[in-house]
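A.B. asks: There's a structure below that I have some questions on.
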Amino acid sequence: MFVTATHFGRHATELSLLKELVNGKDTFRVLDFGPGLSQPQYYHELLRKEIELSSKQAPKFCWEPYEIANALQQIGVDYRIDLVDPNDLVTDALRKQDKLILEHHPRRKESYYPTKEYYQGFFPSCQRQPLDEKIYDKYQDAFQASFEGAIINLPQGIREKIHIYEDDLDFPAIHKGQYDLVFCWNVACYTRFPEEKVSLFANALNIGGNLFFDIGTPTETKGLSCRVLGQDNFLYTRTS
Numbered sequence: 000m001f002v003t004a005t006h007f008g009r010h011a012t013e014l015s016l017l018k019e020l021v022n023g024k025d026t027f028r029v030l031d032f033g034p035g036l037s038q039p040q041y042y043h044e045l046l047r048k049e050i051e052l053s054s055k056q057a058p059k060f061c062w063e064p065y066e067i068a069n070a071l072q073q074i075g076v077d078y079r080i081d082l083v084d085p086n087d088l089v090t091d092a093l094r095k096q097d098k099l100i101l102e103h104h105p106r107r108k109e110s111y112y113p114t115k116e117y118y119q120g121f122f123p124s125c126q127r128q129p130l131d132e133k134i135y136d137k138y139q140d141a142f143q144a145s146f147e148g149a150i151i152n153l154p155q156g157i158r159e160k161i162h163i164y165e166d167d168l169d170f171p172a173i174h175k176g177q178y179d180l181v182f183c184w185n186v187a188c189y190t191r192f193p194e195e196k197v198s199l200f201a202n203a204l205n206i207g208g209n210l211f212f213d214i215g216t217p218t219e220t221k222g223l224s225c226r227v228l229g230q231d232n233f234l235y236t237r238t239s
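The numbers in numbering that gives the first Met the number 0 rise by one with no breaks, and the one at position 5 of the sequence shown is 4.
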């Protein structure tokens, strides 16, 4: 079973749109489908030094549900995030995950790398442990850019807002009409007919709910409006 890869800040631009979707609601129920799992861009040696790993295998992290949580918390709304991934490696890692490694690469200007403001604004009240600047200098040439990073400890109160389920593609159908927001950013590219999955995930939305989907072409489906956010990147709204 595949595990999709992503990185911190990849969807920061899209998450900034959430403040437009509040529409007076004070509570959001969210489905995050297939958030993926990957290693930070730091070398394994750096990771072993900083968090004292005994294994030679650098850990993998799942950032997406916490980035969604951070965006909603900044807006000032309450939330519950239900998370499903086709691979139990992701869900197993999430259950154990009590910290994240955050990265900022100042010289990388692509939209899928986080800005300094995004990096600094990620759960700013949570405890952070800066990484050693001497290590940055040591590996800077290898990364072809300066960078900074931190280890962030995730409070139990935030972790408890993320509810992890084992179900696969049946999950959206079983929970028809229950969600205000659905995110399907990383796994859609593995489906043979991604347009068919738009309807599947849109069915999980309540009226006025929104689906973020990142593959295929704009899909014309009754009861859905589509906003193109970028190449292979869409925001669907359930209208009826």
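From the three backbone atoms N, C-alpha and C, an ideal C-beta is built for every residue, glycine too. This structure is a prediction, so every number in the text was calculated from the model and none was measured.
Hey, would you say I151 sits closer than 7 angstroms to R127, going by beta carbons?
C.D. replies: Closer than 7 angstroms, so yes.
A.B. asks: Considering only their Cβ atoms, is the gap separating T216 from V197 smaller than 7 angstroms?
C.D. replies: Contact: no.
A.B. asks: Decide if G229 is buried, meaning its Cβ has at least 16 other Cβ atoms within 10 Å, or exposed.
C.D. replies: Flag for G229 reads exposed.
A.B. asks: Use the C-beta contact count for A246: other C-beta atoms within 10 angstroms, 16 or more gives buried, fewer gives exposed.
C.D. replies: Because the chain here runs from 0 to 239, residue 246 falls outside it and cannot be looked at.
A.B. asks: Just tell me which of A70, T90, R9 has its CA closest to the CA of P39.
C.D. replies: When only C-alpha atoms are compared, the closest one is R9.
A.B. asks: Of the choices I100, R106, D179, whose alpha-carbon is the least far from that of D31?
C.D. replies: Per the Cα distances, D179.
A.B. asks: Pick out the complete beta strand (DSSP E) segments inside the region 88-114, 3 residues or longer, and give them in chain order.
C.D. replies: The qualifying runs are 98-103.
A.B. asks: Count the other C-beta atoms from every protein chain shown that fall within 10 angstroms of the C-beta of T35, then say buried if there are 16 or more, exposed otherwise.
C.D. replies: It should be noted that the sequence gives Gly, not Thr, for residue 35. Looking at its Cβ environment, which holds 16 or more other Cβ atoms inside 10 Å, G35 is buried.
A.B. asks: Tell me which residues share the same chain as L20 and place their Cβ nearer than 7 angstroms to its Cβ, disregarding the 5 neighbours each side in the sequence.
C.D. replies: Hits under 7 angstroms: N209.
A.B. asks: Candidates Q155, F60, K115: which alpha carbon is nearest I245's?
C.D. replies: Because residue 245 is not part of the residues shown, which for the chain are 0 to 239, the question remains open.
A.B. asks: Between E102, C225, T26, which lies nearest to P241 when the distance is taken from Cα to Cα?
C.D. replies: Since the first and last residues shown for the chain are 0 and 239, residue 241 lies out of range.
A.B. asks: Going by the beta-carbon positions, is the gap between T5 and S37 smaller than 7 angstroms?
C.D. replies: Yes, the Cβ-Cβ distance between T5 and S37 is below 7 angstroms.
A.B. asks: Measuring straight from C-alpha to C-alpha, what distance separates I214 and P154?
C.D. replies: Each residue's alpha carbon lies about 33 angstroms from the other.
A.B. asks: Are the beta-carbon atoms of W62 and F7 separated by less than 7 angstroms?
C.D. replies: In this structure, F7 lies closer than 7 angstroms to W62 by Cβ.
A.B. asks: Can you name the start and end residues of the alpha helix (DSSP H) that I67 belongs to?
C.D. replies: That run of the alpha helix (DSSP H) goes 63-74.
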